[in-house]
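Residue numbers (my numbering): 10 to 274.
Ideal Cβ positions, reconstructed from N, Cα and C, are used throughout, including at glycine.
Written out as structure tokens, the structure reads:
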């Protein structure tokens with residue numbers, strides 16, 4: 010008789026642990042989904058800010074190229090002005106008999122020719138400069154284009170994950186309701202109270218290498234012995250979490266993932 014009662018008590022505790030750990034797996038996964046949903050706007054904002062910085066850097070090259078072109082136009086105008094003056098002085102020479110005036114006109118013509126040479130030299134230098142600037146600009150535009158494409162696909166990918174997560178969350182909520190009905194209200198309240206009281210939301214902690222998951226403080230050998238016997242629900246005195254042995258936790262974890270994949274398929 011006593012043996013039967015003991016066996017019944019063990020089964021009850023194991024069943025409770027199974028149910029509680031499934032609730033924990035569901036809630037942890039939903040925490041991940043919700044955290045992901047919260048972080049998406051920040052991730053997209055970060056990507057867009059990075060894109061804006063790249064565009065602003067390109068503005069520098071656009072402006073620089075514009076100013077170089079303006080300078081080239083200015084030099085070309087100077088050449089035209091010098092050509093006009095040379096033509097004017099040449100005509101004046103035909104109507105001038107005074108040697109002093111001829112000398113002065115020749116000096117002006119030579120000066121304008123030097124101005125043309127200087128302007129042409131500057132144009133050559135500016136064309137080399139603008140060519141280099143355009144090469145750098147082209148590289149940066151290619152990088153920007155790739156970045157824009159990456160962000161476009163990243164947003165699409167994140168949106169697809171959101172849609173999938175919404176479907177998964179609905180499944181998890183249904184499963185959570187299913188498991189919640191399998192435990193009594195007092196135990197469910199205890200589970201929720203513990204979960205709300207810890208930072209990572211882990212209320213049911215598997216014991217690995219003598220310590221609850223996420224804790225550096227090992228449980229006593231006596232408590233570990235009680236834990237693997239699965240005769241009663243045990244609370245970790247340091248963290249306040251309900252303890253589950255690693256073997257049982259892994260068993261339920263495998264079932265949980267099989268269930269999730271089947272639902273997704």
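Cβ-based burial, residue i [other Cβ within 10 Å; buried from 16]
{"i": "residue 26", "result": "buried"}
{"i": "residue 261", "result": "buried"}
{"i": "residue 221", "result": "buried"}
{"i": "residue 95", "result": "buried"}
{"i": "residue 24", "result": "exposed"}
{"i": "residue 258", "result": "buried"}
{"i": "residue 14", "result": "Per-residue confidence for residue 14 stands at a pLDDT of 41, beneath the threshold of 50, marking its modelled position as unreliable; no derived number is given."}
{"i": "residue 187", "result": "exposed"}
Residue i versus residue j - alpha carbon distance
{"i": "residue 52", "j": "residue 28", "result": "35 Å"}
{"i": "residue 154", "j": "residue 50", "result": "22 Å"}
{"i": "residue 20", "j": "residue 45", "result": "Its pLDDT being 45, under 50, residue 20 is placed unreliably by the model, and the measurement read from it follows with that caveat. Going by the C-alpha atoms only, they are around 37 Å apart."}
{"i": "residue 172", "j": "residue 185", "result": "20 Å"}
{"i": "residue 224", "j": "residue 249", "result": "11 Å"}
{"i": "residue 197", "j": "residue 164", "result": "39 Å"}
{"i": "residue 215", "j": "residue 30", "result": "9 Å"}
{"i": "residue 34", "j": "residue 238", "result": "22 Å"}
{"i": "residue 146", "j": "residue 85", "result": "25 Å"}
{"i": "residue 129", "j": "residue 69", "result": "26 Å"}
{"i": "residue 157", "j": "residue 266", "result": "36 Å"}
Among the options, nearest to residue i - alpha-carbon criterion
{"i": "residue 242", "options": "234, 248, 253", "result": "253"}
{"i": "residue 126", "options": "111, 87, 159", "result": "87"}
{"i": "residue 132", "options": "72, 80, 170, 63", "result": "80"}
{"i": "residue 37", "options": "212, 224, 237, 240", "result": "212"}
{"i": "residue 256", "options": "236, 245, 244, 266", "result": "236"}
Unbroken beta strand (DSSP E) run spanning residue i, endpoints
{"i": "residue 151", "result": "That residue, residue 151, is in no beta strand (DSSP E); its alpha helix (DSSP H) goes 108-189."}
Endpoints, the alpha helix (DSSP H) within which residue i is located
{"i": "residue 237", "result": "230-238"}
{"i": "residue 245", "result": "Looking at the DSSP string, residue 245 is not in any alpha helix (DSSP H), and its letter there is neither H nor E."}
* alpha helix (DSSP H) runs wholly inside the segment 23-71, at least 4 long, in chain order -> none
* Segments of 4+ residues assigned as alpha helix (DSSP H) that fall wholly inside the segment 188-229 -> 194-206
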